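Residue numbers (my numbering): 26 to 187.
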């Protein structure tokens, strides 16, 4: 079975997305340590925000087949260094959260995410409205980047692009 690791800044929606993917109640929680739930590894936001913890991200990535690089659509900056995903040899999935927020800027979030992950599928999501969540489940079933690209092309959904 494929396993997904989610990386993103503090309060960017990692745990809420995890719960949506697992079809659980969306009550917010503060992740203090790695949280293993079924096929998902939810990482603390501090792992991304402090470069001293990058080694933890890399070590944990060996347990996953796919990595979500999560960008909050309401934030003006990214916590990912440029080309961050190139240092982790797992299938990347870009996810933009909080697309339903009044101050969401999908264009900016897309640009920030593409700088970090390069060419990879990007899913625009709202865990609250259940937008894009099913696309993530489907992408995690893919075994190659080409299979992911083919899924994106056939889906023809504005919340999913490559």
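Even for Gly, the Cβ is constructed at its ideal location relative to N, Cα and C.
Remember, predicted model here, so these are calculated numbers, not experimental data.
Report task. Identify, in the order they occur along the chain, each residue of the same chain with its Cβ nearer than 8 Å to the Cβ of residue 178, setting aside the five sequence neighbours on each side. Result -> Residue mapping note: residue 178 aligns to position 153 of the chain shown, counting from 1. So the list reads 187, once near-sequence residues are dropped.
Query raised in the report: So, using beta-carbon positions, are residue 123 and residue 92 closer together than 8 Å?
Result: Walking along the chain shown from the start, residue 123 turns up at place 98. Walking along the chain shown from the start, residue 92 turns up at place 67. Not in contact: residue 123 and residue 92 (Cβ atoms no closer than 8 Å).
Query raised in the report: Leaving out five residues before and five after residue 72 in sequence, what residues of the same chain have Cβ atoms less than 6 Å from its Cβ?
Result: If you number the chain shown from 1, residue 72 lands on position 47. Result list for residue 72: 78, 81 and 82, in chain order.
Query raised in the report: DSSP beta-bridge partners for residue 30?
Result: Within the chain shown, residue 30 is the residue found at index 5, counting from 1. Note: residue 30 sits in a beta bridge opposite 66 and 92.
Query - residue 143 (DSSP reduced to helix, strand or coil) - result: Working through the chain shown from its first residue, we reach residue 143 at position 118. Coil at residue 143, not helix or strand.
**Report entry** Cα-Cα separation, residue 30 to residue 68
**Finding:** Stepping through the chain shown from its first residue, residue 30 is reached at position 5. Stepping through the chain shown from its first residue, residue 68 is reached at position 43. Rounded to whole angstroms, residue 30 to residue 68 spans 7 Å at the Cα level.
Query - CA-to-CA distance, residue 128 to residue 90, given in whole angstroms - result: Along the chain shown, one-based indexing puts residue 90 at 65. Along the chain shown, one-based indexing puts residue 128 at 103. Each residue's alpha carbon lies about 33 Å from the other.
Query - Counted within 10 angstroms of its Cβ, other Cβ atoms place residue 144 as buried (16 or more) or exposed - result: Taking the chain shown and counting its residues from 1, the one referred to as residue 144 is at position 119. Result: exposed.
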